[in-house]
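S.K.: Here you go, one structure.
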Amino acid sequence: MTASPPKVNGHARPPALQVLGDWQPIEATPTQANTPTEPAATVDSDIVAQAKAEAIRAQAWADSEQQRIAAEAEKEAALKLAEAEADAIRVRAEEEARKQRLANDRAERKATEEQAASDARIAEHHRRRDEADRARQNAARQEAEQRIAAEAEASEVAEAENRWRGYARSFYIVCAIVALPVQVAAFYNPKALWLMAAPLMLEGGAWVVLKGAAAAVAAHRPHWHYRLIAWLLAFIAASINLWHGMHAFDPATAIGTAFASIAGPGVWDLHEHGRIRKRDGVLTRRERKAAEKETKRIAAERAAEEKRRAAEKETADKAAAQAAKELAERRAKLFPKVWEHAEKLATDLGETTVTEAIWEQAKLDVEGAPPGQSADVIRMRNAAEARVAAAREKRSVNGSTPQVASQMLGTKKTRVYNPPARPGRRTKGDTPKQSPGARRQASIAAKNARQKDQ
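The sequence shown maps to residues 25 to 478 in the numbering used here.
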């Protein structure tokens, strides 16, 4: 029997024929071979050798097949390991990619938010800049409009003053022309023609003195005496016109020429008077009335504010007095000994009431502690701190301690190790009784613990 590979070139090997002995031709009638008996041992040895060779070949093929299978198994295991490592690397890569994608998304969102915030800040900056520019433009436009309006008003005022000045001068000249003939007639004397220059002296003198008053006004000098002299000359001229007109002409001429002698200097003096008041900043009647009204309003508001503050102060004082009274009553009720001592201290120190300093001193004298503290408060605080410390250390809150061996009565015999013959079980009454001193100490400790808890 031979052992050969089951497959050759990928095809199944046909079953091998069993050969026992030498090959012999097939004949129609088998004949008995004439073989000697001696070569039988040789034939048997050949068969054994062939069988051994077949066994060796089969063993070699089996070993090679085993090596091939082991190599394929190792290859498959290595392939699976490589695939597992590749899968792990792929999973890690996917996880890293996912994390990187999330990080990129976060970075992108952050960049987008920062960009949006930057755009918003830039837009806000531009908006504020535009508003500031518009405000500056509006302010500049309003300033220009106000300046133009002020210039127009100043120009109008200057033009009105110039017209008023021209009208006053023209009126003065007209009045002088009207008044001079009657005065000339009054001073006419064929034997003294030079007296006809007296009217020119009166009218011209008044004009010259009024010009002096204008110069004094411009130089910020006293001007009242110039104006007084001008009015005096005007009244003299008017008296001459009135007297001569009544005797030489009719009353209408006398009154008209007298009025002309006064009206001309009077109108010009009104012009100078307005210029003086403008220079000195004198308020008009309407402005004075408005200023007086505003002053009265401010005074009324100030008086109302002072009255309100006085009422609030009075209310606060009453509330403070009531609170102090209630505090004194509570102190006298809760701390009678301290309050009695505080009243004595106040009387001794010359105080009408128990002040905070006196109360603090009384607390120190009676209870030995400042306000807010006392022996009971300190004990209560210490007990609370002890309970908190016990709770943090996970031990008994009431402060009692477990029993120890020193509290038990000592044994009379020397202790010898003697393990029990039965499992260790506790029974009622198997614990040695405590000593009388230990029982008394435990009772005292329990009583103190109950008092602290209360």
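The beta-carbon is built from N, C-alpha and C at its ideal position, and this holds for glycine as well.
If you draw a straight line from the alpha carbon of Glu96 to that of Asp87, how long is it in whole angstroms?
M.R.: Counting from 1 along the sequence shown, the entry for residue 96 is found at position 72. Counting from 1 along the sequence shown, the entry for residue 87 is found at position 63. If you take the alpha carbons of Glu96 and Asp87, they lie about 14 Å apart.
S.K.: Going by Cα to Cα distance, which pick from Ile322, Ala239 and Arg114 is closest to Arg299?
M.R.: In the sequence shown, counting from the first residue as 1, residue 299 sits at position 275. Considering only alpha carbons, the answer is Ala239.
S.K.: Is it buried or exposed, Ile146, if we count other Cβ atoms within 10 angstroms and call 16 or more buried?
M.R.: Here residue 146 is taken as the residue at index 122 of the sequence shown, counted from 1. Counting Cβ neighbours within 10 Å, Ile146 comes out exposed, since fewer than 16 surround it.
S.K.: By the 10 Å Cβ neighbour count, where 16 or more other Cβ atoms means buried, how is Thr53 classified, buried or exposed?
M.R.: Working through the sequence shown from its first residue, we reach residue 53 at position 29. At Thr53, the pLDDT of 47 sits below 50, so the modelled position is not reliable; the number obtained from the coordinates is stated separately. Exposed.
S.K.: Anyone know if the C-beta pair for Ala261 and Ala221 falls short of 8 Å?
M.R.: As a working note, residue 261 is residue 237 in the sequence shown. As a working note, residue 221 is residue 197 in the sequence shown. No. Outside cutoff.
S.K.: For a test of the three-state rule: what should DSSP assign to Gln397, helix, strand or coil?
M.R.: Along the sequence shown, one-based indexing puts residue 397 at 373. Correct three-state label for Gln397: coil.
S.K.: Taking its Cβ as the centre, do 16 or more other Cβ atoms sit within 10 Å of Gly269, making it buried, or is it exposed?
M.R.: Indexing the sequence shown from 1 puts residue 269 at position 245. Gly269 comes out buried.
S.K.: Between Trp267, Ala230, Gln385 and Val115, which lies nearest to Trp255 when the distance is taken from Cα to Cα?
M.R.: Position 231 of the sequence shown, counting from 1, holds the residue named residue 255. Checking every option, the nearest Cα to that of Trp255 belongs to Ala230.
S.K.: Using beta-carbon positions only, say whether Cys199 and Ala284 come within less than 8 Å of one another.
M.R.: Here residue 199 refers to the residue found at position 175 when the sequence shown is read from its first residue. Here residue 284 refers to the residue found at position 260 when the sequence shown is read from its first residue. Going by C-beta atoms, Cys199 is nearer than 8 Å to Ala284.
S.K.: Could you check the C-alpha separation between Trp188 and Glu177 for me, to the nearest Å?
M.R.: To locate residue 188, count along the sequence shown from 1; it is residue 164. To locate residue 177, count along the sequence shown from 1; it is residue 153. The alpha-carbon atoms of Trp188 and Glu177 are separated by roughly 16 Å.
S.K.: Roughly how many whole angstroms lie between the Cα atoms of Ala184 and Pro214?
M.R.: Stepping through the sequence shown from its first residue, residue 184 is reached at position 160. Stepping through the sequence shown from its first residue, residue 214 is reached at position 190. Rounded to whole angstroms, Ala184 to Pro214 spans 47 Å at the Cα level.
S.K.: Can you say whether Leu294 is buried or exposed, counting buried as having 16 or more other CB atoms within 10 angstroms of its CB?
M.R.: The count along the sequence shown starts at 1 and reaches residue 294 at position 270. So Leu294 ends up on the exposed side.
S.K.: Tell whether a beta-carbon distance below 8 Å holds between Leu257 and Val233.
M.R.: On the sequence shown, residue 257 is found 233 positions in, with the first residue counted as 1. On the sequence shown, residue 233 is found 209 positions in, with the first residue counted as 1. The answer is yes: Cβ separation under 8 Å.
S.K.: Excluding the 5 residues flanking Pro394 on each side, which residues of the same chain have their C-beta closer than 7 Å to its C-beta?
M.R.: As a first step, residue 394 is located in the sequence shown; it is residue number 370 there, counting from the start. Excluding positions up to five away in sequence, the list reads Glu384, Lys387 and Leu388.
S.K.: Using the rule of at least 16 other Cβ atoms within 10 Å of the residue's Cβ for burial, across every protein chain shown, is Pro460 buried or exposed?
M.R.: Mapped onto the sequence shown, residue 460 falls at position 436. It is exposed - the Cβ of Pro460 has fewer than 16 other Cβ atoms within 10 Å.
S.K.: Do Val362 and Val390 come within 8 Å of each other at the CB atom, strictly closer than that value?
M.R.: Here residue 390 is taken as the residue at index 366 of the sequence shown, counted from 1. Here residue 362 is taken as the residue at index 338 of the sequence shown, counted from 1. Yes, these two residues count as a Cβ contact at 8 Å.
S.K.: Exposed or buried, what is Val412 when buried is set at 16 or more other beta-carbons lying within 10 Å of its beta-carbon?
M.R.: In the sequence shown, counting from the first residue as 1, residue 412 sits at position 388. Exposed, because fewer than 16 other Cβ atoms sit within 10 Å of the Cβ of Val412.
S.K.: If we count the other Cβ atoms within 10 Å of its Cβ and call it buried at 16 or more, is Pro275 buried or exposed?
M.R.: Within the sequence shown, the letter at position 251 stands for residue 275. Flag for Pro275 reads exposed.
S.K.: Taking the alpha-carbon of Ala345 as reference, which of Ile80, Ile253, Val378 and Arg152 has the nearest alpha-carbon?
M.R.: The residue labelled residue 345 in the question sits at position 321 within the sequence shown. Selected option, being the one with the closest Cα: Val378.
S.K.: Does the distance from the CB of Thr281 to the CB of Val206 come in under 8 Å?
M.R.: Working through the sequence shown from its first residue, we reach residue 281 at position 257. Working through the sequence shown from its first residue, we reach residue 206 at position 182. Yes, they are a contact pair.
S.K.: With distances taken between CB atoms, is the gap from Pro223 to Val241 smaller than 8 Å?
M.R.: Taking the sequence shown and counting its residues from 1, one reaches residue 223 at position 199. Taking the sequence shown and counting its residues from 1, one reaches residue 241 at position 217. No, the Cβ-Cβ distance between Pro223 and Val241 is not below 8 Å.
S.K.: Between which two residues does the alpha helix (DSSP H) harbouring Thr339 extend?
M.R.: In the sequence shown, the residue the question calls residue 339 occupies position 315. Residues Arg309 to Leu358.
S.K.: Taking Arg251 as part of the alpha helix (DSSP H), name the residues at either end of that continuous run.
M.R.: On the sequence shown, position 227 is the one that residue 251 refers to. It spans Trp248 to Ala272 - the alpha helix (DSSP H) in which Arg251 sits, taken as one unbroken run.
S.K.: Near Ala410, what residues of its chain come up, given a Cβ to Cβ distance below 6 Å and the 5 sequence neighbours on each side ignored?
M.R.: Locating residue 410 in the sequence shown gives position 386, counting from the first residue. Excluding residues within five positions, none has a Cβ falling inside 6 Å.
S.K.: Taking just the CA atoms, how far does Ala73 sit from Gln83?
M.R.: Taking the first residue of the sequence shown as position 1, residue 83 is located at position 59. Taking the first residue of the sequence shown as position 1, residue 73 is located at position 49. If I take the Cα positions, the gap works out to 15 Å.
S.K.: Between which two residues does the alpha helix (DSSP H) carrying Trp3 extend?
M.R.: The requested residue 3 does not occur in the structure, where the chain is confined to residues 25 to 478.
S.K.: From the DSSP output, read off the bridge partner residues of Gln465.
M.R.: For the purposes of this step, residue 465 is taken as residue 441 along the sequence shown, with counting starting at 1. Bridge partners of Gln465: none, in fact.
S.K.: How far does the alpha helix (DSSP H) with Trp218 in it reach, from first residue to last?
M.R.: What you label residue 218 is simply residue 194 of the sequence shown in a count that begins at 1. First-last for Trp218: undefined, no H or E at that position.
S.K.: Helix, strand or coil for Tyr196, going by three-state DSSP, please let me know.
M.R.: Taking the first residue of the sequence shown as position 1, residue 196 is located at position 172. Three-state DSSP puts Tyr196 in a helix.
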